[in-house]
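If you read the sequences in order, they're chains S and R.
Following the numbering used here, the numbering of the first sequence begins with 10 at its first residue and continues without gaps.
Following the numbering used here, the numbering of the second sequence begins with 153 at its first residue and continues without gaps.
Glycine included, every Cβ here is placed at the ideal spot set by N, Cα and C.
Take a look at the structure below.
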Amino acid sequence: MREWLADLWEGFYTVLVGMKITWRHLFVDKVTLHYPEEKWTLPPKSRMRLFMKYEDCIGCGQCARACPVDCIYIKTEKRPPTKPAIWAADGTPIKLDTHVFDIDMSLCCYCNLCTYPCPTNCIYMTPEYEFAATDLTSHLYHFAKPNAKFLTVNPKPPAPKPAAAPGAPAAAAGPAAAPGAAPAAKPAAPAAAPLAKPAVASAPPGTPIAPGAPTPVAPSPGTTPKEAPPAPGDAANPAPNVATGTPPKAGGDTAGTGGTPPPDAVDPAAPKE
Amino acid sequence: MDVLWGFLNQNVSGFSDLPGWLQTAIPAAVCGVLLITFMALGPILYVYVETKVAGFMQDRIGPKRVGPHGMLQTVADAVKLMFKEAIYPAGADKKLFIVAPCLVVLGAFMSFVVIPFGARGVTANLNVGIFYVVAVSSLSTVGLIMAGWASNNKYALFGAMRSAAQIVSYEIPAVMTLLTIVMIVGSLSLNDIAMAQAGGLHRWFLFRYFPIMPVAFLIFFTAGLAECNRAPFDIPEAESELVAGFHTEYSGFFFAMFFMAEYTEMFVISAVASVLFLGGWWAPLPALQQIGPVGLGALWLIAKAWTLVFVMMWLRWTLPRLRVDQLMHVAWKVLLPISMVLVVLVGTLIMWGPKNGFLWDPYAAWVLTVGVFLLLMYWLVAARRFSARRVREVAA
Chain S
10 MREWLADLWE
20 GFYTVLVGMK
30 ITWRHLFVDK
40 VTLHYPEEKW
50 TLPPKSRMRL
60 FMKYEDCIGC
70 GQCARACPVD
80 CIYIKTEKRP
90 PTKPAIWAAD
100 GTPIKLDTHV
110 FDIDMSLCCY
120 CNLCTYPCPT
130 NCIYMTPEYE
140 FAATDLTSHL
150 YHFAKPNAKF
160 LTVNPKPPAP
170 KPAAAPGAPA
180 AAAGPAAAPG
190 AAPAAKPAAP
200 AAAPLAKPAV
210 ASAPPGTPIA
220 PGAPTPVAPS
230 PGTTPKEAPP
240 APGDAANPAP
250 NVATGTPPKA
260 GGDTAGTGGT
270 PPPDAVDPAA
280 PKE
Chain R
153 MDVLWGFLNQ
163 NVSGFSDLPG
173 WLQTAIPAAV
183 CGVLLITFMA
193 LGPILYVYVE
203 TKVAGFMQDR
213 IGPKRVGPHG
223 MLQTVADAVK
233 LMFKEAIYPA
243 GADKKLFIVA
253 PCLVVLGAFM
263 SFVVIPFGAR
273 GVTANLNVGI
283 FYVVAVSSLS
293 TVGLIMAGWA
303 SNNKYALFGA
313 MRSAAQIVSY
323 EIPAVMTLLT
333 IVMIVGSLSL
343 NDIAMAQAGG
353 LHRWFLFRYF
363 PIMPVAFLIF
373 FTAGLAECNR
383 APFDIPEAES
393 ELVAGFHTEY
403 SGFFFAMFFM
413 AEYTEMFVIS
423 AVASVLFLGG
433 WWAPLPALQQ
443 IGPVGLGALW
453 LIAKAWTLVF
463 VMMWLRWTLP
473 RLRVDQLMHV
483 AWKVLLPISM
493 VLVVLVGTLI
503 MWGPKNGFLW
513 DPYAAWVLTV
523 GVFLLLMYWL
533 VAARRFSARR
543 VREVAA
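Below you can see the structure in the form of structure tokens.
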């Protein structure tokens, strides 16, 4: 009888305890995210849809070669010498006409491996993730633009600052890993060794990126005059540069691209990573 | 219905010249249409509230896309269910298959006839009101068994058998507790029972013979919960064991009828419990009764019934489902002995003790009501503070 009463009381009491908990949870703030109206702020360097800036592509095909799932299709043709010379935004001359540049996002595995080898940083991952479609073929994005406006003037030589001209060759001669790296970062280049160090130091805090901004990618470290295998090979250089978080297009004019310091500055930069 | 009949007799010329059966049938039809509208639209509200309560208790927000705050979600669901095809399983007994949901709905709806929404606001003031409610609400059990048998599905049959066992078991303690009230009032009519509770909150049967009748209320409410197959007593449709119990094979409008019956039955049980224990259409204070027009009593009853419906939902999202043996244990070894003791106690008190409750009933009633209210409010505030603290922790 005592046991029966104890059971009874325990049952009744535990029901009340449970009801108290659920009652309190009625008024607790809700965790639901009203998705289409409000969205998560994506973490920096989120890897979502790929984007390719056609005007900067030199058609080297390194991204397609790096792709583990072969979702990038490129068809190029040697640019006839009769056509006017064109350059990418970082001063790399474009020697190939890219007729087809398609990325099949339904195959893409979002590994970001294609963005590292790109010599001109024209391919990068955007924070855009809402591209669901009812048709699989609409995930095949065509990036080749027949009416693209290429730079017909090399942006490299007419430097805004006088020191740029001497700086560029010096840097080009200096680092063994990235021979032609300096031209990419023109304003940074005049900053000599002592100046380059603070530039590198100040760069990492800039990593958090607004979700709207393009994802950070290595800002043109290993730019070579031609597309050359050694450029992606110097993994030491792109790696620290990822941390700078500079948008790839700004590679030419931001001080954050201190990724190409003279040889003595490479050593302090390397342990930073 | 009497009110309506009197109104028609006085204001409509020629009404009294009609044949007698028509004089009865017309007010009855009007009342029926009113009640059926109320009952058919009720589940739309209850399902919406249920989804919202479920969401809020799980820190979600529930439906929000269809209409303002998702209010039209259940309307959309109802429309969808109506337009869906009713599928008859192979080997099913088609006649029984169709009749079963109708019977279930009928059992739920027929109880409404005797529920008094006011001193004269009752469709049929039967002198066997409670008896009628108990009898009619058992009708849905027949419907459930028919549904389970006609479905030609072992899960459905399992569910039907469980529901039969459950309802038969829980009917007994429920009726036992009804006996106590019938003994106090001396009448089976629901209207008389409501009238006996006039005069404020402390006159409600919930607080009569203070420690005794609250227990009776708890037993009746628990048994009622089991009778409308709600969690934690929802083993007839236990989705983790039987696919959906007796309505496994039902689809489209027939499924909607089962759904409607469940929610209507919730309201019926709550309304009957409010009439029996919570004073029916009487306001908690006599002064409040004077506010508003005469028909406002119905709102008091509906408010009380909805509060109990909310408690049912609250319990559903609090408690896990019972096992079959636990269910039977609760019914036969806990509720039934207690209710029998209550019957004996109340009978003894009526015979040789105070006729209308103990002297301390009013104090106990008010202290308990105010105490429970304050406790709930305190938990509300505590929940807000808890919530704020959690937000701060997340932000930090």
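Chain R contact residues for residue i, given Cβ-Cβ distances below 8 Å
{"i": "S/H34", "result": "F208, M209, Q210, D211 and A535"}
Proximal residues of chain R, C-beta to C-beta of residue i below 7 Å
{"i": "S/M10", "result": "Per Cβ cutoff of 7 Å: no residues; S/M10 is ~11 Å from chain R at best."}
{"i": "S/K48", "result": "None at all; the shortest Cβ gap to chain R is about 16 Å."}
{"i": "S/T85", "result": "Near S/T85 there are no residues of chain R at all, since even the closest Cβ is about 48 Å away, more than 7 Å."}
{"i": "S/M61", "result": "Correct list: empty, because the minimum Cβ distance to chain R is about 36 Å."}
{"i": "S/L17", "result": "V486"}
{"i": "S/T41", "result": "R212 and I213"}
8 Å CB neighbourhood of residue i in its chain, flanking five on each side removed
{"i": "R/M223", "result": "Y200"}
{"i": "R/F283", "result": "L340"}
{"i": "S/Y22", "result": "none"}
Chain S contact residues for residue i, given Cβ-Cβ distances below 8 Å
{"i": "R/S491", "result": "Residues of chain S passing the Cβ test: none, with the nearest at roughly 13 Å."}
{"i": "R/L471", "result": "V24 and G27"}
{"i": "R/L528", "result": "W32"}
Environment of residue i [buried if 16+ CB atoms lie within 10 Å]
{"i": "S/C72", "result": "buried"}
{"i": "S/D144", "result": "exposed"}
{"i": "R/R475", "result": "exposed"}
{"i": "S/H151", "result": "exposed"}
{"i": "R/V533", "result": "exposed"}
{"i": "R/L460", "result": "buried"}
{"i": "R/K204", "result": "buried"}
{"i": "R/N381", "result": "buried"}
{"i": "R/L255", "result": "buried"}
{"i": "R/F235", "result": "exposed"}
{"i": "S/A219", "result": "Bear in mind that the predicted position of S/A219 carries a pLDDT of just 43, short of 50, making it unreliable; the figure below should be weighed with that in mind. With fewer than 16 Cβ atoms within 10 Å of its Cβ, S/A219 is classed as exposed."}
Backbone CA spacing between residue i and residue j [nearest angstrom]
{"i": "S/H148", "j": "S/S115", "result": "6 Å"}
{"i": "S/H43", "j": "R/R217", "result": "10 Å"}
{"i": "S/D16", "j": "R/M418", "result": "28 Å"}
{"i": "R/R212", "j": "R/I454", "result": "28 Å"}
{"i": "R/G376", "j": "S/C120", "result": "59 Å"}
{"i": "R/A483", "j": "R/P366", "result": "18 Å"}
{"i": "R/W518", "j": "R/M335", "result": "24 Å"}
{"i": "R/I345", "j": "R/W466", "result": "28 Å"}
{"i": "R/M409", "j": "R/L258", "result": "10 Å"}
{"i": "R/D169", "j": "R/P179", "result": "15 Å"}
{"i": "S/A194", "j": "R/G207", "result": "With a pLDDT of 43 at S/A194, under the threshold of 50, the modelled position of this residue cannot be trusted, and the question is left open."}
{"i": "S/P126", "j": "S/G27", "result": "58 Å"}
{"i": "R/L187", "j": "R/L160", "result": "19 Å"}
{"i": "S/I95", "j": "S/R74", "result": "24 Å"}
{"i": "R/F359", "j": "R/S292", "result": "31 Å"}
{"i": "S/W13", "j": "R/I371", "result": "16 Å"}
Residues near residue i by beta carbon distance below 7 Å, same chain, minus five either side
{"i": "R/D386", "result": "R473"}
{"i": "R/Q349", "result": "R355, W356, F357, G431, G432 and W434"}
{"i": "R/E391", "result": "none"}
{"i": "S/A237", "result": "Below a pLDDT of 50, predicted positions are generally treated as unreliable, and S/A237, at 40, falls in that range; the measurement from the model is reported next regardless. Cβ neighbours of S/A237 beyond the five flanking positions: none."}
{"i": "S/V109", "result": "Y82, I83, K84 and A153"}
{"i": "R/A122", "result": "The structure shown has nothing for residue 122 of chain R, since chain R only spans 153 to 548."}
{"i": "R/W452", "result": "W433, W434 and A435"}
{"i": "R/R314", "result": "I387, P388 and V476"}
{"i": "R/I319", "result": "S290, T293 and E379"}
Any non-hydrogen atom of the ligand PLP closer than 7 Å to residue i Cβ
{"i": "R/S321", "result": "With respect to the ligand PLP, the structure offers nothing, as it holds no ligand at all."}
DSSP beta-bridge partners of residue i
{"i": "S/K84", "result": "S/V109"}
{"i": "S/F60", "result": "S/Y133"}
{"i": "S/Y119", "result": "Partner(s): none; S/Y119 has no beta bridge."}
{"i": "S/L160", "result": "S/W96"}
{"i": "S/H148", "result": "None; S/H148 has no bridge partner."}
{"i": "S/P102", "result": "S/W96"}
Own chain, CB closer than 6 Å to residue i, minus 5 neighbours either side, in chain order
{"i": "R/Q225", "result": "P215 and V218"}
{"i": "R/A192", "result": "none"}
{"i": "R/N279", "result": "S341"}
{"i": "R/A312", "result": "L296, I297, G300 and F398"}
{"i": "S/E46", "result": "none"}
{"i": "S/P280", "result": "Note that S/P280 scores 44 on pLDDT, short of 50, meaning its location in the model is unreliable; the coordinates nonetheless yield the value given after this. Taken in chain order, the list of residues that qualify is empty."}
Cross-chain neighbours of residue i in chain S, by beta carbon under 9 Å
{"i": "R/W466", "result": "M28, T31, W32 and L35"}
Neighbouring residues, chain S, relative to residue i (Cβ below 7 Å)
{"i": "R/W531", "result": "K29, W32 and R33"}
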